[in-house]
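Asker:
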Amino acid sequence: MITNKALPRRTFLRGMGTAVALPFLDAMTPAIAATRRASPPVRMAFVYVPNGIIMDGWNPDYEGTLAALPRILKPMEPLRQDITLLGNLTHNTGRALLDGAGDHGRCCASYLTGVQPRKTVIDIKSGVSFDQIVANQVGKQTRFPSLELGMEDARQAGDCDSGYSCAYTNNLAWKSETQPLPPVLDPRALFERLFGNGMALTPEARARQNLYRRSILDYVTDDTRKLESDLGPTDRRKLDEYLSSIREIERQIQKAETDNAQIDPHMEKPYGIPADFAEHFKLMTDMMTVAFQSDLTRVITFLVTHEGTSRTYREIDIPDGHHPLTHHRNQPDLIEKVTQINTYHLRQFAAWIAKMKSIREGDGSLLDNCMIVYGAGLSDGNRHLHEDLPTLIAGRGGNHFKPGRRIVYRRETPMCNLYLAMMDRMGVHVEHFGDSTGRLDVLDLA
Amino acid sequence: MQFPAIAKPPVGIVFDSAMDRIDDVIALAMLHGFEGKEQARIAAVSISRPDLEAARFCDALRIFYSSAITGPAAMFMHAPAVGLADGKPGGGVPMLDVAETNKSAIKSVIDTADPATLIRNSLMAYHDQNAAVVLSGPATNLAKLLDMYDAKELVKRKVRLLCMTEIGLDGDPAAARVVRAGWPGPIATVDRQVGESLPFPGASLDKDFAWATAHPMVDAYRVYRPMPYDAPSWAMAAVLYAVRPKEKYFQLSDGKVLLDPAQKENIIRAYIDLASAKPVPRKPRKPPDDKKDDKKAEKKDEKNAEKKDQKQ
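Chains P and U are the protein sequences, given in the same order. The first sequence begins at 1 in our numbering and counts up by one. The second sequence begins at 447 in our numbering and counts up by one.
And the structure:
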């Protein structure tokens with residue numbers, strides 16, 4: 001018998017202090033509607049890296065179908081059919097425009113807002129970022145309108161770049177002209193936000209949970225069993241994989257906490273932040289995967305490290321600060337080090353994208369239903385250039401466009417033109433944003 | 447306590463032309479001359495014909511005038527985009543096909559910019575009422591500029607004068623009507639007669655440009671028409687008026703820039719002086735100044751390390 005009954009998309013597995021959202025399951029599509037095939041939602045994310053990129057190692061010397069990729073992009077080679085490279089996009093509002101020094105502050109604050117920020121350390125003002133415009137509309141359908149994540153502890157006040165407030169260099173998303181949304185850095189805090197029931201655990205409850213080393217999955221065992229009995233074999237396997245991935249995240253967080261307690265009790269980091277960059281990146285992106293998979297949110301911004309950061313990369317034998325290195329004055333040894341940092345970032349990103357691709361959703365993969373932009377607010381960090389910004393889109397925006405290409409637009413083409421096109425794909429139609437002059441055609445049906 | 451006055455930066459000039467007459471080429475050389483004298487800055491150069499050679503020529507001329515810039519200043523030098531109209535390329539203009547053009551970094555249309563976007567972006571970098579637009583060719587690009595979101599407001603704020611040439615407007619009468627009707631600031635139009643009455647002397651090439659072994663403007667001049675000839679100067683008059691409106695080179699009546707016979711010699715001398723000005727080494731541009739922030743970060747790292755040592 002064919003029925004029109006389906007598992008609600010917003011089903012949660014509940015337990016004490018826990019609410020675990022579910023991934024997109026076949027059982028969520030009514031049998032009658034199966035012929036019409038409900039499509040999974042489109043999600044978008046921005047992954048921002050600071051201090052520009054060595055563009056000689058980023059830009060291929062050709063346009064069109066992607067073939068061999070330059071050195072920094074090499075980690076993306078197995079995924080080149082899933083990425084689109086865009087050339088010559090510009091953020092004019094990141095330039096000085098009479099405001100003098102402070103390119104790091106400006107480029108980060110204008111990256112998603114398309115607005116030149118006010119040069120100040122007190123009464124900050126930028127613009128509403130486009131991810132928040134999307135979140136305001138699309139976010140009504142998810143538990144979290146958007147997630148703002150990061151990996152580097154950074155202050156929100158004071159002067160971080162030649163008279164620009166730290167609020168400019170350390171945030172990507174802006175809820176209003178004057179309200180940035182500081183990123184969550186601590187994997188534990190993010191985990192509890194994603195899978196808690198909205199109430200923070202009391203210190204006692206957390207201590208009890210830690211003492212018995214219980215997984216949140218233990219609290220939802222009853223709900224899980226009940227649900228499994230209603231699912232077909234494919235959905236059961238999907239659910240099992242999904243819950244295993246949550247358990248794996250938990251295990252990594254616990255490991256980070258144990259390691260931190262042993263390795264460096266005095267470090268200036270929240271308790272659950274892994275000391276290792278790659279480990280931290282993986283944890284955060286694993287949770288981003290789960291958040292997308294279970295439709296907890298459709299909008300994520302991820303500030304890998306803050307703009308102008310002088311973070312060192314001892315993991316890859318680079319003890320020098322990232323930012324000072326980028327002012328390399330064409331010295332080959334310094335250029336080489338920045339290239340290695342850029343490549344290291346891409347390696348982490350590629351691993352995440354590969355994971356997103358491995359997760360089945362609807363007729364394709366989770367990645368197919370996403371637009372994940374990897375980029376920076378500066379191209380040449382040595383000269384502080386705001387044009388030809390490194391821009392990579394992973395995914396197909398709901399199988400809507402065909403990746404595997406490099407498209408180079410004319411010089412001075414506003415980055416905001418891409419944002420308008422992305423908003424269209426997210427179902428949010430806006431005529432003008434920032435300094436846009438039209439819509440990029442890259443996301444048009446291929 | 448008194449502080450030294452900050453000098454007002456020179457006026458920024460947007461130069462929009464079809465780059466199909468020799469006076470366009472000389473006018474652009476004059477603008478580089480003004481830039482060397484720090485009396486004007488070239489805010490943007492845009493072309494109203496879809497001719498890649500024209501863009502390459504403008505870029506080559508910029509490279510020629512930048513040749514005196516060496517050392518750290520050269521390292522931080524950045525090639526600005528040239529605006530080029532969209533469309534199917536028409537017939538070429540032989541004068542633009544000179545050997546120096548090969549030095550241009552422009553290889554295809556993606557190396558150029560949409561003119562309206564370029565002009566909009568560049569105007570944003572100028573103080574209010576400290577920019578002027580010289581329109582030597584058809585008004586096609588400026589009509590598109592006025593059609594952009596918020597552009598009229600920007601133009602009103604930034605641009606003190608639009609100086610057009612009457613002869614250039616003939617190329618796109620509809621766009622000319624749009625610009626005349628919608629330009630939100632003062633307009634002056636160089637009368638046809640001005641260009642013909644103030645010819646640039648061809649004889650000056652051998653005399654005043656002798657210092658240059660290969661000058662793109664000179665090469666273009668020699669190709670434009672069989673030598674010897676004197677060139678009409680519509681675009682040059684517009685540039686001169688836009689940069690030095692107070693010099694009384696011309697008479698102004700009802701928005702028209704007219705010939706003042708008493709100034710003829712002065713004007714021609716100014717044309718020659720500016721167009722034949724040698725490339726000037728500019729003051730080294732300060733590299734991006736973030737050293738302070740790096741030092742702060744280093745200090746913080748040191749402090750943390752000390753703290754850690756103490757605890758251990």
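Here a beta-carbon is modelled for each residue, glycine too, at the ideal position from N, C-alpha and C.
Pick from U:Gly648, U:Met570 and U:Ala634: whose alpha carbon is nearest that of proline 678 (chain U)?
Answerer: The count along the second sequence starts at 1 and reaches residue 678 (chain U) at position 232. Nearest option by C-alpha distance: U:Gly648.
Asker: Could one say the Cβ of valine 408 (chain P) lies closer than 9 Å to chain U's Cβ atoms, at least one of them?
Answerer: Within the first sequence, numbered from 1, the residue matching residue 408 (chain P) stands at position 408. Yes - at least one Cβ of chain U is within 9 Å of the one on valine 408 (chain P).
Asker: Cβ closer than 9 Å: which chain P residues qualify as neighbours of valine 595 (chain U)?
Answerer: As a first step, residue 595 (chain U) is located in the second sequence; it is residue number 149 there, counting from the start. Strictly speaking, residue 595 (chain U) in this sequence is tyrosine, with valine absent from that position. Chain P residues near tyrosine 595 (chain U): Glu431, His432, Asp435, Ser436 and Thr437.
Asker: Along chain U, which residues have their Cβ under 9 Å away from the Cβ of asparagine 330 (chain P)?
Answerer: Along the first sequence, one-based indexing puts residue 330 (chain P) at 330. What asparagine 330 (chain P) touches in chain U: Met521.
Asker: By the criterion of Cβ-Cβ separation under 7 Å, what are the contact partners of leucine 588 (chain U) in chain P?
Answerer: In the second sequence, residue 588 (chain U) corresponds to position 142, counting from 1. Residues of chain P passing the Cβ test: none, with the nearest at roughly 15 Å.
Asker: Report all residues from its chain with a CB closer than 6 Å to the CB of valine 528 (chain U); omit the five preceding and five following residues, and keep chain order.
Answerer: In the second sequence, counting from the first residue as 1, residue 528 (chain U) sits at position 82. The answer, listed in chain order, is Val491, Ala501, Cys504, Asp505 and Thr558.
Asker: What do you reckon, are the CB atoms on histidine 91 (chain P) and asparagine 51 (chain P) nearer than 9 Å?
Answerer: As a first step, residue 91 (chain P) must be located in the first sequence, where it is residue number 91. As a first step, residue 51 (chain P) must be located in the first sequence, where it is residue number 51. No, the Cβ-Cβ distance between histidine 91 (chain P) and asparagine 51 (chain P) is not below 9 Å.
Asker: Would you identify the three-state DSSP class for tryptophan 174 (chain P), choosing helix, strand or coil?
Answerer: Translated into positions along the first sequence, residue 174 (chain P) becomes position 174. Looking at tryptophan 174 (chain P) - three-state DSSP - the assignment turns out to be strand.
Asker: Does threonine 635 (chain U) get closer than 9 Å to chain P when you measure Cβ to Cβ?
Answerer: If you number the second sequence from 1, residue 635 (chain U) lands on position 189. Answer no: the Cβ-Cβ gap between threonine 635 (chain U) and chain P never drops below 9 Å.
Asker: Taking 6 Å as the limit between beta carbons, can you name the residues of its chain near tyrosine 219 (chain P), skipping five residues before and five after?
Answerer: Reading the first sequence from its first residue, position 219 is the one you call residue 219 (chain P). Cβ within range, chain order: Gly15, Met16 and Thr18.
Asker: Taking DSSP as the reference, what is the three-state secondary structure of aspartate 61 (chain P)?
Answerer: Stepping through the first sequence from its first residue, residue 61 (chain P) is reached at position 61. Three-state DSSP puts aspartate 61 (chain P) in coil, outside helix and strand.
Asker: Grab me the residues of aspartate 259 (chain P)'s own chain with a C-beta within less than 8 Å of its C-beta, minus the 5 sequence neighbours each way, in chain order.
Answerer: Your numbering for residue 259 (chain P) matches position 259 in the first sequence. Result list for aspartate 259 (chain P): Pro274 and Ala275, in chain order.
Asker: Tell me, to the nearest whole angstrom, how far the beta carbon of isoleucine 318 (chain P) is from that of glutamine 340 (chain P); I am working on the premise that it is less than 8 Å.
Answerer: For this step, residue 318 (chain P) is matched to residue 318 along the first sequence. For this step, residue 340 (chain P) is matched to residue 340 along the first sequence. About 6 Å separates the two Cβ atoms, so the contact holds.
Asker: Taking DSSP as the reference, what is the three-state secondary structure of isoleucine 488 (chain U)?
Answerer: Here residue 488 (chain U) is taken as the residue at index 42 of the second sequence, counted from 1. In the structure shown, isoleucine 488 (chain U) sits in a strand (DSSP, three-state: E or B).
Asker: With a threshold of 9 Å between beta carbons, is threonine 556 (chain U) in contact with chain P?
Answerer: If you number the second sequence from 1, residue 556 (chain U) lands on position 110. The sequence given here places isoleucine at residue 556 (chain U); threonine does not occur at that position. With 9 Å as the cut-off, isoleucine 556 (chain U) counts as an interface residue toward chain P.
Asker: Going by alpha carbons, who is nearest to glycine 617 (chain U) out of U:Ser463, U:Pro727 and U:Val457?
Answerer: By one-based count along the second sequence, residue 617 (chain U) stands at place 171. Closest by alpha carbon: U:Ser463.
Asker: Does any CB atom of chain U fall closer than 9 Å to the CB of threonine 35 (chain P)?
Answerer: One-based indexing of the first sequence puts residue 35 (chain P) at position 35. Unreliable positioning characterises threonine 35 (chain P) in this predicted model, as indicated by a pLDDT of 49, which lies under 50. A coordinate reading is not provided.
Asker: Return the residue from the list P:Leu112, P:Thr120 and P:Ser176 that minimises the CA-CA distance to glycine 100 (chain P).
Answerer: Taking the first sequence and counting its residues from 1, one reaches residue 100 (chain P) at position 100. Here the closest residue by C-alpha is P:Thr120.
Asker: The beta strand (DSSP E) with alanine 559 (chain U) in it runs from where to where?
Answerer: Counting from one through the second sequence, the residue named residue 559 (chain U) turns up at place 113. Note, alanine 559 (chain U): premise wrong, no beta strand (DSSP E); not H, not E.
Asker: If you measure from the beta carbon of alanine 677 (chain U) to each beta carbon in chain P, is any gap under 9 Å?
Answerer: Walking along the second sequence from the start, residue 677 (chain U) turns up at place 231. It does not: the Cβ of alanine 677 (chain U) has no partner Cβ on chain P nearer than 9 Å.
Asker: Under a CB-based cut-off of 9 Å, is alanine 96 (chain P) close to chain U?
Answerer: As a position in the first sequence, residue 96 (chain P) is number 96, starting the count at 1. Answer yes: the Cβ-Cβ gap between alanine 96 (chain P) and chain U drops below 9 Å somewhere.
Asker: Counting C-beta neighbours from all protein chains within 10 Å, is the total for histidine 384 (chain P) 16 or more, i.e. buried, or is it exposed?
Answerer: Here residue 384 (chain P) corresponds to residue number 384 of the first sequence, with the count starting at 1. Classification of histidine 384 (chain P): buried, given that the 10 Å Cβ count is 16 or more.
Asker: Which chain U residues are close to leucine 385 (chain P), counting only those with a beta carbon under 7 Å from its beta carbon?
Answerer: The residue you call residue 385 (chain P) lines up with position 385 of the first sequence. Chain U residues near leucine 385 (chain P): His524.
Asker: Rounded to whole angstroms, how far is the Cβ of leucine 190 (chain P) from the Cβ of methionine 151 (chain P), which I believe are closer than 8 Å?
Answerer: Counting from 1 along the first sequence, the entry for residue 190 (chain P) is found at position 190. Counting from 1 along the first sequence, the entry for residue 151 (chain P) is found at position 151. Rounded, the Cβ-Cβ distance is 11 Å, inconsistent with contact.
Asker: Assuming alanine 634 (chain U) and threonine 586 (chain U) form a contact by the criterion Cβ under 8 Å, report the distance between their Cβ atoms to the nearest whole angstrom.
Answerer: Your numbering for residue 634 (chain U) matches position 188 in the second sequence. Your numbering for residue 586 (chain U) matches position 140 in the second sequence. The Cβ separation is near 20 Å, so there is no contact.
Asker: Can you tell me which of P:Glu250, P:Gln293 and P:Tyr344 puts its alpha carbon nearest to the alpha carbon of arginine 214 (chain P)?
Answerer: In the first sequence, residue 214 (chain P) corresponds to position 214, counting from 1. Looking at the Cα atoms, P:Glu250 is the closest of the given residues.
Asker: Report all residues from its chain with a CB closer than 6 Å to the CB of glutamine 697 (chain U); omit the five preceding and five following residues, and keep chain order.
Answerer: For the purposes of this step, residue 697 (chain U) is taken as the residue at position 251 of the second sequence. The answer, listed in chain order, is Leu704 and Asp706.
Asker: Can you give me the start and stop residues for the beta strand (DSSP E) that phenylalanine 46 (chain P) sits inside?
Answerer: Position 46 of the first sequence, counted from the start, is the residue given in the question as residue 46 (chain P). Element bounds for phenylalanine 46 (chain P): 43-48.
Asker: What do you reckon, are the CB atoms on valine 457 (chain U) and arginine 606 (chain U) nearer than 9 Å?
Answerer: Here residue 457 (chain U) refers to the residue found at position 11 when the second sequence is read from its first residue. Here residue 606 (chain U) refers to the residue found at position 160 when the second sequence is read from its first residue. It is a contact, given that the beta carbons lie within the stated cut-off.
Asker: So with CB distances below 9 Å, who are the chain U contacts of asparagine 170 (chain P)?
Answerer: As a position in the first sequence, residue 170 (chain P) is number 170, starting the count at 1. Within 9 Å Cβ-Cβ: nothing; asparagine 170 (chain P) doesn't reach chain U, min ~13 Å.
Asker: Between P:Leu366, P:Ser165 and P:Pro23, which has its C-alpha nearest cysteine 108 (chain P)'s C-alpha?
Answerer: Start at 1 with the first residue of the first sequence, and residue 108 (chain P) comes out as number 108. Per the Cα distances, P:Ser165.
Asker: Would aspartate 665 (chain U) count as contacting chain P if we go by Cβ distances under 9 Å?
Answerer: Looking up residue 665 (chain U) in the second sequence gives position 219. Cβ-Cβ to chain P under 9 Å: no for aspartate 665 (chain U).
Asker: Suppose you measure from the CA of leucine 98 (chain P) to the CA of isoleucine 253 (chain P); what does that come to, to the nearest Å?
Answerer: Locating residue 98 (chain P) in the first sequence gives position 98, where the first residue counts as 1. Locating residue 253 (chain P) in the first sequence gives position 253, where the first residue counts as 1. The alpha-carbon atoms of leucine 98 (chain P) and isoleucine 253 (chain P) are separated by roughly 46 Å.
Asker: Measure from the alpha carbon of tyrosine 111 (chain P) to the alpha carbon of each residue in P:Ile122, P:Ser129, P:Ile83 and P:Gly102, then state which is nearest.
Answerer: For this step, residue 111 (chain P) is matched to residue 111 along the first sequence. Taking only the C-alpha atoms, the option nearest tyrosine 111 (chain P) is P:Ser129.
Asker: Do proline 496 (chain U) and arginine 508 (chain U) come within 9 Å of each other at the CB atom, strictly closer than that value?
Answerer: Sequence index remark: in the second sequence, residue 508 (chain U) carries index 62 (1-based). Sequence index remark: in the second sequence, residue 496 (chain U) carries index 50 (1-based). Cβ distance not < 9 Å, so arginine 508 (chain U) and proline 496 (chain U) don't count as in contact.
Asker: Could you pull the start and end residues of the alpha helix (DSSP H) that isoleucine 472 (chain U) belongs to?
Answerer: The sequence position of residue 472 (chain U) within the second sequence is 26, counting from 1. Note, isoleucine 472 (chain U): alpha helix (DSSP H), 468-482.
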